[in-house]
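Peer 1:
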Amino acid sequence: MKLQSTNISLRALEPGDIDYLYKWENDTENWRVSNTQAPFSRFVLEQYIATSHQDIYSVKQLRLMICDKENTPVGCIDLFDFEPSHLRAGIGVLIADKSDRRKGYASEALELLIEYCHDTLNLHQLYCNITIDNEPSVLLFQKHGFQITGIKKQWIREAGKFYDELLLQRIR
């Protein structure tokens, strides 16, 4: 299966991605959606990249870089909490720079990953967690067949305020 569409491609992590990951993982604006509490060191991220080739069935996660037509990384898309016995996984997507958002990259990446999850991993169910105020992400996932199936009340705390988090699922 080729993980490529009109405007983007998905590929495995490479050692040269360290600068992108270091910038994206340590951008505090991304911490809310990634549930990060502290910065990552270059060393830790280099180790992560070095082991990223491990099989999804062993490590229960997969991160792919989203690259534009010029093969420049614009973000990443993740499978996490992979449960092969239950045929499900969580999905997260990040388009890192605000100038690259709303260009369709996340939508194309999500479409490719859903196809991979169904055709290669034979998954029955995909899910994601999105704070209720992140309307662009909610609409993105709904566009791809995800339905809101639950609300976790006051689930995420940021700057002394609590936010509800939506659970969205796509069942095959």
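Under the numbering used here, the first residue of the sequence shown is numbered 3, with each subsequent residue one higher. All C-beta atoms, glycine included, are put in the ideal place defined by N, C-alpha and C.
Given H126, which residues of its chain have a CB within under 6 angstroms of its CB, disregarding the five upstream and five downstream residues?
Peer 2: Closer than 6 angstroms at the Cβ level, and outside the excluded window around H126, lie L89, R174.
Peer 1: Return helix, strand or coil for Q6, following the three-state DSSP convention.
Peer 2: In this structure, Q6 counts as strand in the three-state DSSP scheme.
Peer 1: Do A91 and L123 come within 9 angstroms of each other at the CB atom, strictly closer than that value?
Peer 2: Yes, these two residues count as a Cβ contact at 9 angstroms.
Peer 1: Short of 6 angstroms in beta carbon distance, which residues of its chain neighbour P75, apart from the five on each side in sequence? Order them along the chain.
Peer 2: Around P75: Y22, M67, C69.
Peer 1: Would you list the residues sitting across from G77 in a DSSP beta bridge?
Peer 2: Looking at the DSSP assignment, G77 forms a beta bridge with I68, I97.
Peer 1: Under the rule that 16 or more other beta-carbon atoms within 10 Å means buried, what is A108, buried or exposed?
Peer 2: Result: buried.
Peer 1: Need the endpoints of the alpha helix (DSSP H) that T133 sits in, please.
Peer 2: From DSSP, T133 is part of no alpha helix (DSSP H) but of the beta strand (DSSP E) over 127-133.
Peer 1: Please list, in chain order, all residues of the same chain as I153 whose beta carbon is under 8 angstroms from its beta carbon, the five residues on each side excluded.
Peer 2: Closer than 8 angstroms at Cβ, skipping near neighbours: I134, D166, E167, L168, L169.
Peer 1: If you follow the alpha helix (DSSP H) that Q56 is part of, which residue opens it and which one closes it?
Peer 2: From DSSP, Q56 is part of no alpha helix (DSSP H); its letter is neither H nor E.
Peer 1: If you draw a straight line from the C-alpha of G106 to the C-alpha of S60, how long is it?
Peer 2: When rounded, the distance between both Cα atoms is 32 angstroms.
Peer 1: Helix or strand or just coil, what does DSSP make of G162?
Peer 2: In this structure, G162 counts as coil in the three-state DSSP scheme.
Peer 1: Identify which residue in L128, K25, K145 has its Cα closest to the Cα of I97.
Peer 2: Of L128, K25, K145, the residue nearest in Cα terms is K25.
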